[in-house]
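*Asks:* Encoded as structure tokens, here's the structure I'll be asking about.
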Amino acid sequence: MSLRLLDSGGARPGSSVLDAGGGAATLVDELLVRGMTDVTVLDLSEAALAAARRRLGERAMAAHWMARDLLTWAPLRRYDFWHDRAVFHFLTDPADRDRYRRVLDAALGPRGQAVIGTFGEDGPESCSGLPTVRYGGQALAEQFPGFRVEQAELEQHRTPSGGWQTFTWVRLSRAGAAATALAPAPAPRPGSLY
Ligand SMILES: C[S@@+](CC[C@H](N)C(=O)[O-])C[C@H]1O[C@@H](n2cnc3c(N)ncnc32)[C@H](O)[C@@H]1O
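In terms of our numbering, the numbers along the sequence shown are unbroken and rise by one, the last being 194.
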């Protein structure tokens, strides 16, 4: 689903992608296989990033890795695509959702798109012992005023343990809202954990 929505948004090998809370997910592997040269995986957990880097071996050098708390991160550059699978739904505090929106706004380029997947309306009420907020398509879209919904999808996700989870996905673009000014910074060296 992540790849499908990024493809629908026109992601190409030259596009920059931030996988926000990417953890040890294999999206980065797939993006590198597609020849993407500007992929950043950001996650709070150094252990999750290390697992992904171990899995990729030398190919990990082709991606950027950031061990950071998304909610306090001050991006130094902008990305063409923001991808978040299963992170936003952990933000049960409205103040944290505000922080997330501010970081998204700072990190996304003026013509950027955000692909966000959360638990659906009848998805799990918690995950890994943490409470979640469940969203239908409209409710999720309403979390991002200033963005236009380009695509909304429901997914029945088969978990590794054989269960089913409903996910709601949206692909958003800026609805003409001017992004806050941010000085451009050079892309960091691929492969670095910074
Ligand atoms: C359910 S996992 C999803 C991982 C991956 N996106 C996937 O689809 O498999 C949630 C991830 O979000 C990360 N995370 C949670 N809060 C975060 C925060 N404030 N900043 C950065 N990463 C965070 C966790 O460490 C974890 O890797």
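All C-beta atoms in this analysis are idealised placements derived from N, C-alpha and C, irrespective of residue type, glycine included. If you're wondering where the values come from, they're calculated on a predicted model, not measured in any experiment.
Phe90: beta carbon under 7 Å from a heavy atom of ligand 1?
*Replies:* Yes, the Cβ of Phe90 comes within 7 Å of a heavy atom of ligand 1.
*Asks:* Output needed for Gly23: all residues of its chain with C-beta closer than 7 Å, excluding positions within five of it in sequence on either side, in chain order.
*Replies:* Asp43, Ser45 and Ala48
*Asks:* Would you say Gly123 touches ligand 1, meaning its beta carbon is less than 7 Å from a heavy atom?
*Replies:* no
*Asks:* Please list, in chain order, all residues of the same chain as Tyr135 whose beta carbon is under 8 Å from its beta carbon, the five residues on each side excluded.
*Replies:* Within the same chain, His89, Thr118, Phe119, Gly120, Glu121, Gln143 and Thr168 come within 8 Å of Tyr135 by CB-CB distance, once the 5 residues on both sides are set aside.
*Asks:* Which of the three DSSP states, helix, strand or coil, is assigned to Glu46?
*Replies:* helix
*Asks:* Assuming Val170 is part of the beta strand (DSSP E), what are its boundary residues?
*Replies:* Trp164 to Arg174
*Asks:* Note down the Cα distance separating Gly14 from Gly129, rounded to an integer number of angstroms.
*Replies:* 38 Å
*Asks:* I need the DSSP call for Gly109, collapsed to helix, strand or coil.
*Replies:* strand
*Asks:* Report yes or no: do the stretch 97-115 and the stretch 50-69 share at least 3 C-beta pairs separated by less than 8 Å?
*Replies:* no
*Asks:* State the start and end residues of the unbroken alpha helix (DSSP H) segment that holds Arg4.
*Replies:* First-last of the alpha helix (DSSP H) with Arg4: Ser2 to Ser8.
*Asks:* Let's test the definition: count the other Cβ atoms within 10 Å of the Cβ of Arg53 and tell me whether it reaches 16, buried, or not, exposed.
*Replies:* Within a 10 Å sphere around the beta-carbon of Arg53 sit 16 or more other beta-carbons, which makes this residue buried.
*Asks:* Which residue or residues does DSSP assign as beta-bridge partners of His155?
*Replies:* It is Glu, not His, that sits at residue 155 in the sequence shown. Note: Glu155 sits in a beta bridge opposite Phe167.
*Asks:* Straight-line CA distance for Thr180 to Pro145?
*Replies:* Residue placement at Thr180 cannot be trusted, given a pLDDT of 43 that sits under 50; what the coordinates show is reported in the next sentence. Going by the C-alpha atoms only, they are around 15 Å apart.
*Asks:* Where does the unbroken alpha helix (DSSP H) through Leu31 begin, and where does it stop?
*Replies:* Leu27 to Val33
*Asks:* Taking C-beta to C-beta, are Gly109 and Thr166 nearer than 8 Å?
*Replies:* No; because the gap between Cβ atoms is not below 8 Å, this pair is not in contact.
*Asks:* In whole angstroms, what is the alpha-carbon distance linking Arg4 and Val149?
*Replies:* Distance between the alpha carbons of Arg4 and Val149: 16 Å.
*Asks:* Please go through the same chain and pick out, in chain order, the residues whose beta-carbon is closer than 7 Å to the beta-carbon of Arg171, but skip the five residues on each side of it.
*Replies:* Leu5, Ser8, Gly9, Gln113, Val115, Glu150 and Gln151
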